[in-house]
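Each protein sequence line maps, in turn, to chains A and B. Under full-length UniProt numbering, the residue at position 15 of the first sequence is numbered 15, and the numbers go up by one with no gaps. Under full-length UniProt numbering, the residue at position 142 of the second sequence is numbered 142, and the numbers go up by one with no gaps. For each residue, glycine too, the CB sits at the ideal point set by N, CA and C. Computed from a predicted model, the values in this text were never measured in an experiment.
There are 2 protein chains.
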Amino acid sequence: MNKAKLRGFNRSLPMSLLRAREAVMKKFAPSLKEHNLSAQQWRVIRALKEEDGLDMSELSERCYLLMPSLSRIVQNLVVRGLVVRKLVEGDQRRSAIVITDEGIKLFNIIAPKSAERYEYIAEKFGPGKLELLYELLDELVEKIDE
Amino acid sequence: MNKAKLRGFNRSLPMSLLRAREAVMKKFAPSLKEHNLSAQQWRVIRALKEEDGLDMSELSERCYLLMPSLSRIVQNLVVRGLVVRKLVEGDQRRSAIVITDEGIKLFNIIAPKSAERYEYIAEKFGPGKLELLYELLDELVEKIDE
DNA sequence: TTATTATGCATAACATGTTAACTAAATTTA
DNA sequence: TAAATTTAGTTAACATGTTATGCATAATAA
C-alpha cells in the first residue's frame, strides 16, 4: 500500500525520518497501549531499569525529553506508583528518581514483547542493513552538529 | 560534543531516528522561526505551493499530519492570511485550501534559505550517503508495513 | 423515497513538544 | 560574609500529537 514514489517536498530528510520513525513506532505501540504507557513513559522506565536513581537532568538527556515534558511524565509515573522520588543528600535541589517494584514488574512484562518486535523488524529488514542504517544516522548527526 | 557511544536502550531505532530528525530540524528551524512558522505550518504551505486547492484529507496525507492537527493549523494560517478556504461545488462537506498571494510571497522568501540549508547538509554528509540513507529509510518503511 | 451507512471534517480532552518565566538551593565573586 | 551568579527543577502558555466523539452531507440499501 501507499507505494507511490514520493513527490516533491515529501522526499525530504525530515519527512523521510518522520515516516520511518512512525512506521517503527507502530510496531511497538500496541504492547505499550495495552498497559496505558506512552512511548515517552516507556523510555523513562527503561532508562531507570538500566540505571536507577538518576536525577531529572540525567534522565532528560538519556530519554531525549525536554525537562518540562519529563517533569510532567515523572509526576504521572509517581501517581501511578511506577517510580518514586527520593531526596539526594548534599543537594536539596535534586531528586533521585527510583523505579518501584511495581515499575519493575511492568517492565518485565513489556520488555520481552518489545524485544520480540525488534527482532522481527531486524529480521525483516536485514541485520546488516539495520547496522548500516544506524551508522548512517549516527554519522548524519555527527556531521550536522559542527 | 556528546560523542559518547550510545549505551543500552538509547541505541534503538526509534531513538536514532528521533535524534537524526532533531539534528536536521535544528538546521531549518531558524529561518522558519524568523517568520513565526512551525515546521508543520511550513509543510502545509509547501504542499499547497506544489499543488493548490487541496482538500483537508489530501493535505493531511501529503503533510503527514492527522486531521485534528491539520484542522487547527489551517485555522491558524487562515487567520494569518496565508491561505483561504473555498467551497467545493458538488460536495458541501469539502473545502479547498488555497494559498494566498501573501502565502506565496512568504514561501518565496523562505524556500531559498531552506534549499540552501539542505545543500549544506547534503554536502557535509555526502550526496551519495544521503541517497543511500533515503533508500534505506524507504525500504525500512516498506518492509515494516507488511 | 426513506432509512442506513459512509465520508469529510470539526471539536473535545488529554499527553507531549517548546520557549519563556520563575523559584529555590548551591556556588562563585567581591 | 553579602551579593551576584549558576544550577536544578517546576510552572505557564500555547502548538501539536492522538484517540474518541459529534455532526453535517453524500452515497447506498431497502
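### Task
Tell me, please, whether the CB atom of A:Phe107 is closer than 8 Å to any CB atom in chain B?
Sequence index remark: in the first sequence, residue 107 of chain A carries index 107 (1-based). No, no contact with chain B.
### Query
For B:Leu87, does the count of other Cβ atoms within 10 angstroms reach 16, so buried, or fall short, so exposed?
Within the second sequence, the letter at position 87 stands for residue 87 of chain B. It is exposed - the Cβ of B:Leu87 has fewer than 16 other Cβ atoms within 10 Å.
### Task
Note down, in chain order, each residue of its chain lying with its Cβ closer than 8 Å to the Cβ of B:Ala29, except the 5 sequence neighbours on either side.
What you label residue 29 of chain B is simply residue 29 of the second sequence in a count that begins at 1. Correct list, in chain order: Ala39.
### Task
Identify, in the order they occur along the chain, each residue of the same chain with its Cβ nearer than 8 Å to the Cβ of A:Gly128, setting aside the five sequence neighbours on each side.
The residue given as residue 128 of chain A occupies position 128 in the first sequence. Contacts found: none.
### Delimiting residues of the alpha helix (DSSP H) encompassing A:Ser12
Residue mapping note: residue 12 of chain A aligns to position 12 of the first sequence, counting from 1. It is not in any alpha helix (DSSP H) - A:Ser12 carries neither H nor E in the DSSP assignment.
### Message
Measuring straight from C-alpha to C-alpha, what distance separates B:Met67 and B:Met56?
### Response
Position 67 of the second sequence, counted from the first residue, corresponds to residue 67 of chain B. Position 56 of the second sequence, counted from the first residue, corresponds to residue 56 of chain B. The alpha-carbon atoms of B:Met67 and B:Met56 are separated by roughly 7 Å.
### Those residues which DSSP pairs with A:Ala96 across a bridge
Counting from 1 along the first sequence, the entry for residue 96 of chain A is found at position 96. Per DSSP, A:Asp55, A:Lys86.
### Task
Report the three-state DSSP secondary structure of A:Gly103 (helix, strand or coil).
Start at 1 with the first residue of the first sequence, and residue 103 of chain A comes out as number 103. Looking at A:Gly103 - three-state DSSP - the assignment turns out to be helix.
### Query
Taking the C-alpha atoms as reference points, what is the distance between B:Arg80 and A:Gln75?
Counting from 1 along the second sequence, the entry for residue 80 of chain B is found at position 80. Counting from 1 along the first sequence, the entry for residue 75 of chain A is found at position 75. About 37 Å.
### Message
When you compare the CB of A:Gly103 with every CB in chain B, is at least one pair closer than 8 Å?
### Response
Along the first sequence, one-based indexing puts residue 103 of chain A at 103. No, A:Gly103 lies away from the interface with chain B (no Cβ there is under 8 Å from its Cβ).
### Query
Any beta-carbon of chain A closer than 8 Å to the one on B:Ala29?
Translated into the one-based positions of the second sequence, residue 29 of chain B becomes position 29. False, the Cβ-Cβ gap to chain A never drops below 8 Å.
### Query
Can you name the start and end residues of the alpha helix (DSSP H) that A:Ser71 belongs to?
Position 71 of the first sequence, counted from the first residue, corresponds to residue 71 of chain A. Judged by DSSP secondary structure, A:Ser71 falls within the alpha helix (DSSP H) whose first and last residues are 67–79.
### Query
Buried or exposed: A:Ser60, going by 16 or more other Cβ atoms within 10 Å of its Cβ?
Counting from one through the first sequence, the residue named residue 60 of chain A turns up at place 60. A:Ser60 is classed as buried because its beta carbon has at least 16 other beta carbons within 10 Å across all chains shown.
### Query
Are any of the Cβ atoms in chain A nearer than 8 Å to that of B:Asp145?
Against the second sequence, residue 145 of chain B aligns to sequence position 145. Taking Cβ atoms only, chain A reaches closer than 8 Å to B:Asp145, which makes this a yes.
### 6 Å CB neighbourhood of A:Ala42 in its chain, flanking five on each side removed
The residue you call residue 42 of chain A lines up with position 42 of the first sequence. For clarity, residue 42 of chain A is Trp in the given sequence; the question names Ala instead. Leu32, listed in sequence order.
### Task
For B:Glu50, collect the residues of the same chain with a Cβ closer than 7 Å to its Cβ; drop the 5 residues on either side in sequence, then sort them by chain order.
Taking the first residue of the second sequence as position 1, residue 50 of chain B is located at position 50. Nothing meets the Cβ criterion.
### Message
Counting only beta-carbon separations shorter than 8 Å, does B:Ser16 have a partner in chain A?
### Response
For the purposes of this step, residue 16 of chain B is identified with residue 16 of the second sequence, where counting begins at 1. Yes, its Cβ sits closer than 8 Å to a Cβ of chain A.
### Task
Would you please verify whether the beta carbon of A:Ile73 is less than 8 Å from any beta carbon of chain B?
For the purposes of this step, residue 73 of chain A is taken as residue 73 along the first sequence, with counting starting at 1. No, A:Ile73 does not count as interfacial toward chain B.
### Task
Please work out which residues of its chain come closer than 8 Å, Cβ to Cβ, to A:Val98, disregarding the five sequence neighbours upstream and downstream, and give them in chain order.
As a first step, residue 98 of chain A is located in the first sequence; it is residue number 98 there, counting from the start. Excluding positions up to five away in sequence, the list reads Leu48, Asp52, Gly53, Val83, Val84, Arg85, Lys86.
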